[in-house]
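Read the structure below first, then the notes.
2 protein chains.
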Amino acid sequence: MKLPDPIQRTVDALAELPSIGPRQAIRLAFHLISRGKEDIRTLAGAIDDLARIKICDRCFFAHQNSGARCGICEDKNRAQNSIMIVEKETDLLTIENTGKFNGRYLVLGSISKTGILDDSQKLRIQNLKNAIQKELHGQAIQPGSGQAEEIIIAFNPTSAGDFNASILAKDLAPFAKKISRLGRGLPTGGEVEFADDETLGSAIERRS
Amino acid sequence: MKLPDPIQRTVDALAELPSIGPRQAIRLAFHLISRGKEDIRTLAGAIDDLARIKICDRCFFAHQNSGARCGICEDKNRAQNSIMIVEKETDLLTIENTGKFNGRYLVLGSISKTGILDDSQKLRIQNLKNAIQKELHGQAIQPGSGQAEEIIIAFNPTSAGDFNASILAKDLAPFAKKISRLGRGLPTGGEVEFADDETLGSAIERRS
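Heads up: the sequence lines are chains A and B, in that order.
Here our numbering is used: position 112 in the first sequence is 112, and no number is missing along the way.
All you need for our numbering is the position in the second sequence, starting with 1, plus 208.
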């Protein structure tokens, strides 16, 4: 059965989003219709406004400042020589919510299992290297050979994350005094009895 | 961390949709931003156009005809005296895709476990009763006492569906010669070995 055109177009556009299948897209479209015109226009207007969002030219996080940089990169109170590399914007948000990190970020985009970065990711890493050399040459012997205090590679603690992190750590070694990853062990609130071997192994090795 | 306003508004609006949580809403918003302005505007435009969708005044399905009725209700080749009551528009679509039903529909909206219809659902049932009495009095002794040939209550084969269907069947008994439900048994492609007791029991009782 042919759906009315506005429904079909909404379904097609929604179904292209990650984790929304064609069936859920149809349900969402009909749900929106049942909510009425006002809710439809609220959502459409909010999404349309996303087109006004800019991407920071240094860390690639979203912002809507008048300049080219996001609030974190503009913040003079944040350590400029400590850089955390995250995959996704949502990883950045979760880390910011802890309040435990006062450096800046690089949003790299989702990594693949192959360990090979795509073109946009290579560009972002190159951008980071250039910025480090240009901005952080305080102790450098030659101009253009600056180093960050620390680069934290905050990929997920999965085999793909480990693999990519080890490649990236080698690549970035000349650009930071220290390259680290997020600590591993038992999650707070977890139970020893139900921890998997890998997690418990890490927790024993990194006991403190 | 405060999100830029257009992102926050999109997240809020998306998170109100069924089966989309706040976390997924954030991911979707950032994904849309990464897809670029054109994709953002395509989705926003399609959703905005949903406001132009009308609801059929007889079966309550979505349409965009110039009149008040949907294509199925307008179709003279469909049996007007055979009415299938479905919960959701998506149920109607799935049934239409089988090509096995040539009557018309009533979209009732999702039923609750209590067996009590909400006000809008009561109105839809009353609307159906009125239409049957008004339109289908071919064989009726008195004017205003018309009957449908068949009303099929196509609720899910769950305890809530069974409960609601039994109440509705009693309520609608004077308005149709026959009131039926969808057949039960083994799903095509299923395996006897793995069928649950209820399903297998139905399949044995309704063997053919």
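Note that the Cβ used here is the ideal one computed from N, Cα and C, for glycine as well.
With a CB to CB cut of under 6 Å and the five nearest residues on each side skipped, what residues in its chain are close to residue i?
i        : result
Asp220/B : none
Asn289/B : Leu344, Ala356, Glu357
Ala140/A : Confidence at Ala140/A is low in this model, with a pLDDT of 49, below 50, so its placement is unreliable and the value that follows should be read with caution. For Ala140/A, where only same-chain residues beyond five positions count, the Cβ hits under 6 Å are Gly146.
Asp265/B : Ala276
Arg415/B : none
Leu336/B : Leu314
Leu100/A : Note on residue identity: the sequence assigns Lys, not Leu, to residue 100/A. Hits under 6 Å: none found.
Which same chain residues, not among the five before or five after residue i, have their C-beta less than 7 Å away from its C-beta?
i        : result
Arg432/B : No statement about residue 432/B is possible, as the shown extent of chain B runs from 209 to 416 and does not include it.
Ser388/B : Glu358, Ile360
Lys122/A : none
Ala154/A : Met84, Ile85, Val86, Asp91, Ile95, Leu182
Lys54/A  : His63, Gln64
Ser34/A  : none
Ala169/A : Ile153, Ile179
Ala173/A : Ile179
Ser227/B : none
Under the assumption that residue i contacts residue j (Cβ atoms under 8 Å), give the Cβ distance between them as a whole number of angstroms.
i        : j        : result
Ala131/A : Ile151/A : In fact, because the Cβ distance is near 12 Å, the residues do not count as touching under 8 Å.
Leu390/B : Ala403/B : About 17 Å; that fails the 8 Å criterion.
Ala148/A : Ile83/A  : 5 Å
Pro214/B : Ala203/A : In fact, because the Cβ distance is near 42 Å, the residues do not count as touching under 8 Å.
Gly323/B : Asn372/B : 5 Å
Lys245/B : Ala51/A  : 4 Å
Ile234/B : Leu3/A   : Going by Cβ atoms, the distance from Ile234/B to Leu3/A rounds to 29 Å, so no, they are not a contact pair.
With DSSP as the reference, identify every bridge partner of residue i, one or two as the case may be.
i        : result
Val294/B : Val315/B
Ala236/A : The structure shown does not extend to residue 236/A, since chain A is modelled only from 1 to 208, so the question has no answer here.
Lys170/A : Lys170/A is not bridged to any residue.
His31/A  : DSSP, once it has assigned bridges, lists no residue as partnering His31/A.
Ile361/B : Ile293/B, Arg389/B
Ala270/B : Ile263/B
Would you identify the three-state DSSP class for residue i, choosing helix, strand or coil?
i        : result
Lys385/B : strand
His345/B : coil
Glu399/B : coil
Ile72/A  : helix
Lys54/A  : strand
Ile26/A  : helix
Ile132/A : helix
Ala287/B : coil
Asn310/B : coil
Leu204/B : What is shown of chain B runs 209 to 416, which leaves residue 204/B out entirely.
Arg206/A : coil
Lys113/A : coil
Gly45/A  : helix
Lys330/B : helix
Thr199/A : helix
Ser227/B : coil
Thr366/B : coil
Leu3/A   : coil
Leu394/B : coil
Gln8/A   : helix
Who are the Cβ neighbours of residue i in its own chain at under 8 Å, not counting the five residues just before and after it?
i        : result
Pro209/A : With chain A covering only 1 through 208, there is no way to say anything about residue 209/A.
Gly67/A  : Glu74
Leu32/A  : Thr10, Asp39, Ile40, Leu43
Arg286/B : Ile280, Asn310, Gly311, Arg312
Asp326/B : Gly317, Ser320
Arg392/B : Pro365, Thr407, Ser410, Ala411, Arg414
Ile167/A : Gly115
Asn97/A  : none
Lys88/A  : Val107, Gly109, Ser110
Asp171/A : Ile125
Lys284/B : none
Give a yes or no on whether the minimum CB-CB distance between residue i and chain C is below 8 Å.
i        : result
Gln329/B : Of the chains in the structure shown, none is chain C; the protein chains are A and B.
Nearer than 7 Å: is that true of the beta carbon of residue i relative to any heavy atom of the ligand MG?
i        : result
Leu168/A : Looking at this structure, you won't find the ligand MG or any other ligand, since it has none at all.
* In the segment 230–243 of chain B, which residues sit with their C-beta less than 9 Å from some C-beta in chain A, listed in chain order? -> Hits within the stretch, in order: Arg231, Gln232, Ile234, Arg235, Leu236, Ala237, Phe238, His239, Leu240, Ile241, Ser242, Arg243.
* **Within 9 Å of chain A by C-beta, residues of the segment 285–301 of chain B in sequence order** => Of all residues in the segment 285–301 of chain B, Lys296, Glu297, Thr298, Leu300, Leu301 have a Cβ within less than 9 Å of some Cβ in chain A.
* Taking only beta carbons into account, state which residues of the segment 183–203 of chain A come closer than 8 Å to chain B, listed in chain order. => Residues of the segment 183–203 of chain A that bring their beta carbon within less than 8 Å of a beta carbon in chain B are absent altogether.
* Got a sec: which bits of the segment 248–269 of chain B sit with their beta carbon under 8 Å from any beta carbon on chain A, in order along the chain? -> Ile248, Arg249, Thr250, Leu251, Ala252, Gly253, Ala254, Ile255, Asp256, Asp257, Leu258, Ala259, Arg260, Ile261, Ile263: these are the residues of the segment 248–269 of chain B whose beta carbon lies less than 8 Å from some beta carbon of chain A, given in chain order.
* To do: Determine which residues of the segment 213–226 of chain B have a Cβ less than 9 Å from any Cβ of chain A, and write them out in chain order.
  => For the segment 213–226 of chain B, which is checked against every Cβ of chain A, the residues closer than 9 Å are Asp213, Pro214, Ile215, Gln216, Arg217, Thr218, Val219, Asp220, Ala221, Leu222, Glu224, Leu225, Pro226.
* Asked: What residues in the segment 96–128 of chain A bring their beta carbon closer than 7 Å to a beta carbon of chain B?
  -> Along the segment 96–128 of chain A, the positions whose C-beta sits under 7 Å from a C-beta of chain B are Glu96, Asn97, read in chain order.
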